[in-house]
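Q:
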Amino acid sequence: DGMRSIITELKKDPHALETVYISIIVFAGQAKTLVPLTDIISFYPPKFSIGAGTSYGQAVKHLIDEMESNVVKTTRETKGDWKPIIFFMTDGNPTDYYVIDVGRWEQAYKDKSNIVVVSVGANTNPKILSRISNNIVQFEENDATSFSEFFKWVTSSIKVQSQKVEEGMGTSDLDLKGFDSSKLKKIDPFNESEMKNTDDMHAIFHGKCQGTGQPYLIKYKRGTHNVGFIDMPHLTTQNYRLEGAYPLDAEYEKLSDADSYNSQRSGVSTELLRGVPNCPCCGNQFALAICLCQKIFCLDGDGQQTCPHCGTTGHYGSGSGHIDINRQQG
39 DGMRSIITEL KKDPHALETV YISIIVFAGQ AKTLVPLTDI ISFYPPKFSI
89 GAGTSYGQAV KHLIDEMESN VVKTTRETKG DWKPIIFFMT DGNPTDYYVI
139 DVGRWEQAYK DKSNIVVVSV GANTNPKILS RISNNIVQFE ENDATSFSEF
189 FKWVTSSIKV QSQKVEEGMG TSDLDLKGFD SSKLKKIDPF NESEMKNTDD
239 MHAIFHGKCQ GTGQPYLIKY KRGTHNVGFI DMPHLTTQNY RLEGAYPLDA
289 EYEKLSDADS YNSQRSGVST ELLRGVPNCP CCGNQFALAI CLCQKIFCLD
339 GDGQQTCPHC GTTGHYGSGS GHIDINRQQG
């Protein structure tokens, strides 16, 4: 919806129609160009898919390749393109070894673009993000109002820059002042109080439907809840509340790190999980059954069940006690 609002507004601006081309790169464990550089009239907002992981290195490496291939450089004989305006959006910390590729970007490409890093939520590390851009902004709240305000600011920024190009002024640094509000703010990467080392707010599990073989994702969100003791009104406990279960398409594997499905993140005890997920693919009542191979699948009641991951058939039923389940990349 945000992309549609940007394009709708830019089509009304004569400066933007003459100067602006838009491209979209998506990244998870891998990165790919979803839309190559396209003029505004021909651009149509694409469908976004999800994948496992948040590979900054893959994203920046792909961005460098795209800039080298598609941004026309100025020579003695030819007037090239202006500095690209790049919005780097992420809601998590890097899950890959990003140092080499981000270091290459920082040394050779950071100053060749107007790049703004957008942290969706507070679970990112500003010091890492500062290597990608000196301009870091953050959504205080992940809601429709915040996103609408952000995309209005993006549109305004592009309009101002395209007008400067038309007037022969080039593209100077973006002005972030118009972005500040109660929900959207600029981040100081050297303020220790704003650092977040890891995203520990969610527990993500990958499963496979026993009936259809389709993969799915289960998402829990961590929260603090009052225990309810009258004598100790301030006593709280932490657990994870079910947010939902979601079917995954073929694009998920293409966008994911090859090891993301099997990667063993920090474990979560079933004692801390609140809510029982249904299978989003076939509707089975329980989507969090665990095979001896440690993979997750769905079932519909007790009895003989076959794991769609390893093909092992066994008898399943409810048990007492709790076990740890390994989290995967979201």
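Under our numbering, read the sequence shown as residues 39 to 368, first letter to last.
Beta carbons: idealized from backbone N, C-alpha and C, even for Gly.
The structure presented is a predicted model; accordingly, all values stated were derived computationally and were not measured.
1) Would you tell me roughly how many angstroms separate the C-alpha atoms of I242 and Y258, rounded to the nearest one?
2) According to DSSP, is Y147 part of a helix, a strand, or is it coil?
3) Please state the DSSP three-state secondary structure of P164.
4) Taking the straight line between their C-alpha atoms, what separation do you get for H240 and M127?
5) To which residues of the same chain is G305 closer than 6 Å at the C-beta, ignoring the five residues directly before and after it?
6) Against chain B, with Cβ distances strictly below 9 Å, would L337 count as a contact?
7) Quick one, which of T57, S358 and F188 has its alpha-carbon nearest V156's?
8) What residue range does the alpha helix (DSSP H) around I44 cover?
9) Taking 9 Å as the cut-off, decide whether the C-beta atoms of P253 and E289 are in contact.
10) Does DSSP put I334 in a helix, in a strand, or in coil?
11) Contact check, G352 vs Q343 under 8 Å by CB: the rounded distance?
12) Could you tell me which of I88, K246 and Q366 sits nearest to V64, measuring between CA atoms?
13) Do you know how far the Cα of T92 is from the Cα of S358?
14) Would DSSP call D139 helix, strand or coil?
15) Starting from D51 and walking both ways along the beta strand (DSSP E), at which residues does that stretch end?
16) Please look up how many angstroms separate the CB atoms of S151 and P122, rounded, as I've assumed it's under 8 Å.
17) Are three or more beta carbon pairs between the stretch 136-144 and the stretch 73-87 nearer than 8 Å?
A: If we stick to the structure as given:
1) 6 Å
2) coil
3) helix
4) 19 Å
5) D362 and N364
6) Chain labels in this structure do not include chain B; a single protein chain is all it has.
7) F188
8) G40 to L48
9) no
10) strand
11) 7 Å
12) I88
13) 36 Å
14) helix
15) No beta strand (DSSP E) holds D51; DSSP gives it neither H nor E.
16) 5 Å
17) no
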